[in-house]
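This report refers to the structure that appears directly beneath it.
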Amino acid sequence: MPSSKKDNEEIFRKIIDNCNAGNEAGLEVLLHMTCIGVNGEDCFTGDFAHRLNRPLGPNSTNAVKIDTILVDGNSSHLVARLINRTTLLDSGTVFEYAEIVFADFMNDSLLGWRSLRDEDAILSREHSSIPTITPPRDVAPPSSKVSVQEMKSFYQEYIKSINEKTMTRDFAQFCQPELIHNDRKLSIAEYIPLISESQDAIDDLYFDIDMLIADEETQQIAARLEFTGTPIKEWGGAKPNGNKVEFHEHVIYQLVSGKILRVSSVIELDVYRKQMR
272 MPSSKKDNEE IFRKIIDNCN AGNEAGLEVL LHMTCIGVNG EDCFTGDFAH RLNRPLGPNS
332 TNAVKIDTIL VDGNSSHLVA RLINRTTLLD SGTVFEYAEI VFADFMNDSL LGWRSLRDED
392 AILSREHSSI PTITPPRDVA PPSSKVSVQE MKSFYQEYIK SINEKTMTRD FAQFCQPELI
452 HNDRKLSIAE YIPLISESQD AIDDLYFDID MLIADEETQQ IAARLEFTGT PIKEWGGAKP
512 NGNKVEFHEH VIYQLVSGKI LRVSSVIELD VYRKQMR
């Protein structure tokens, strides 16, 4: 029997609480099996707990805070933005970084976990705090909320506009006049180059929707995007080597009145750079 939307969120919160407490015994009843799928690999209960509470090995500790959750009511998928607060025990350095997780559930337990972390923030260790996502004050009344199917169709058209490079013409249909991208307030004209610059640097860059989740209650959309193309200019801190690339982005969008107000994104830049070596 599939879990309900409320059940999945409750299970996810319990998993985070048990990992923060280092309670592996408490985790066992929340995971579908003693070995689950984590980023495409098998992961045992103890290893899963350490991945969350000791992300940089035994010389580190970590506290995970759930920033936002959205659940597709018609599926077993949940997406969450996490804020990790890591302490390095030898130096006392404390820093934070964001992570976006796609979690799958079966029979009231976690079956799969696919996440992307802000690897640049982990390497720089310079962010003492990461701003949380503040729910919009002017959320539309229930009668004017966009349905799950409408949100998914809206997003597919948004990605189509990117792939067809009609953003200058079309983005006013999809975005509020001012929106926030990873805590930066931007106009539509300032937001478009964040996308078009990657298209200029990566020939035939294609955005493919690998996973798509929509939450009618919170008016949020989450997507796992797969990017493919051939880099021809320096981008993302790496120079092209003639090879094709494949990398991903996890991204959460907050809609207000049917348009994008906030974008929270984590891109696999480390994977991209490794392919350019």
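548 is the number that our numbering gives the last residue of the sequence shown; the numbers go up by one with no jumps.
All residues carry an ideal CB built from backbone N, CA and C; glycine is no exception.
When you compare only the Cα positions, how much space is there between residue i and residue j?
{"i": "Leu-381", "j": "Asn-291", "result": "17 Å"}
{"i": "Leu-526", "j": "Gly-308", "result": "31 Å"}
{"i": "Glu-246", "j": "Asn-512", "result": "The question about residue 246 has no answer here: the residues shown for the chain are numbered 272 through 548."}
{"i": "Asp-278", "j": "Glu-421", "result": "25 Å"}
{"i": "Ile-287", "j": "Arg-440", "result": "43 Å"}
{"i": "Ser-424", "j": "Pro-329", "result": "45 Å"}
{"i": "Ala-460", "j": "Leu-301", "result": "45 Å"}
{"i": "Ala-374", "j": "Ile-337", "result": "13 Å"}
{"i": "Asp-343", "j": "Ile-371", "result": "16 Å"}
{"i": "Val-419", "j": "Pro-407", "result": "19 Å"}
{"i": "Asp-379", "j": "Glu-280", "result": "10 Å"}
{"i": "Lys-545", "j": "Glu-517", "result": "11 Å"}
{"i": "Leu-457", "j": "Ala-320", "result": "38 Å"}
{"i": "Met-272", "j": "Ala-485", "result": "Residue placement at Met-272 is flagged as unreliable, the pLDDT there being 46, under the threshold of 50; a coordinate-derived value is accordingly withheld."}
{"i": "Arg-322", "j": "Met-547", "result": "27 Å"}
{"i": "Gly-500", "j": "Ile-538", "result": "15 Å"}
{"i": "Leu-394", "j": "Arg-356", "result": "14 Å"}
{"i": "Asn-294", "j": "Lys-530", "result": "41 Å"}
{"i": "Glu-435", "j": "Asn-333", "result": "42 Å"}
{"i": "Gly-507", "j": "Ala-443", "result": "27 Å"}
Got a sec, what are the start and stop residues for the alpha helix (DSSP H) residue i sits in?
{"i": "Arg-356", "result": "Segment 348-359 is the beta strand (DSSP E) holding Arg-356; no alpha helix (DSSP H) there."}
{"i": "Leu-526", "result": "Here Leu-526 belongs to no alpha helix (DSSP H); instead the beta strand (DSSP E) covers 516-527."}
{"i": "Gln-546", "result": "540-546"}
{"i": "Thr-316", "result": "316-324"}
{"i": "Ile-503", "result": "Premise fails: Ile-503 is in no alpha helix (DSSP H) and is neither H nor E."}
{"i": "Asn-291", "result": "276-292"}
{"i": "Leu-301", "result": "Taken as a continuous stretch (DSSP letters only), Leu-301 belongs to no alpha helix (DSSP H), as it is neither H nor E."}
Going by beta-carbon coordinates alone, are residue i and residue j separated by less than 9 Å?
{"i": "Tyr-524", "j": "Gln-491", "result": "yes"}
{"i": "Ile-503", "j": "Asp-479", "result": "no"}
{"i": "Ile-451", "j": "Arg-533", "result": "yes"}
{"i": "Phe-366", "j": "Arg-396", "result": "yes"}
Considering residue i, what are the terminal residues of the beta strand (DSSP E) in which it resides?
{"i": "Asn-333", "result": "331-342"}
{"i": "Asp-375", "result": "365-376"}
{"i": "Gly-308", "result": "306-309"}
Please confirm if residue i has its CB atom under 9 Å from at least one CB of chain D.
{"i": "Arg-388", "result": "The chain labelled as chain D is not found in the depicted structure, where only one protein chain is given."}
Give the C-beta separation of residue i and residue j to the nearest angstrom, bearing in mind that I take them to be a contact with Cβ-Cβ under 8 Å.
{"i": "His-519", "j": "Phe-498", "result": "7 Å"}
{"i": "Ile-340", "j": "Phe-283", "result": "7 Å"}
{"i": "Asn-310", "j": "Ser-386", "result": "7 Å"}
{"i": "Leu-465", "j": "Tyr-426", "result": "No, Leu-465 and Tyr-426 are not in contact; Cβ-Cβ is about 17 Å, not under 8 Å."}
{"i": "Thr-358", "j": "Ser-331", "result": "7 Å"}
{"i": "Arg-352", "j": "Ile-404", "result": "7 Å"}
query = Curious, which full-length beta strand (DSSP E) runs of at least 3 residues does the region 454-487 contain?
reply = 455-458 and 473-486
key: Length at least 4, wholly inside the region 383-418: the alpha helix (DSSP H) runs in chain order   = 390-395
query = What are the complete alpha helix (DSSP H) segments, minimum 4 residues, inside the region 422-459?
reply = 438-445
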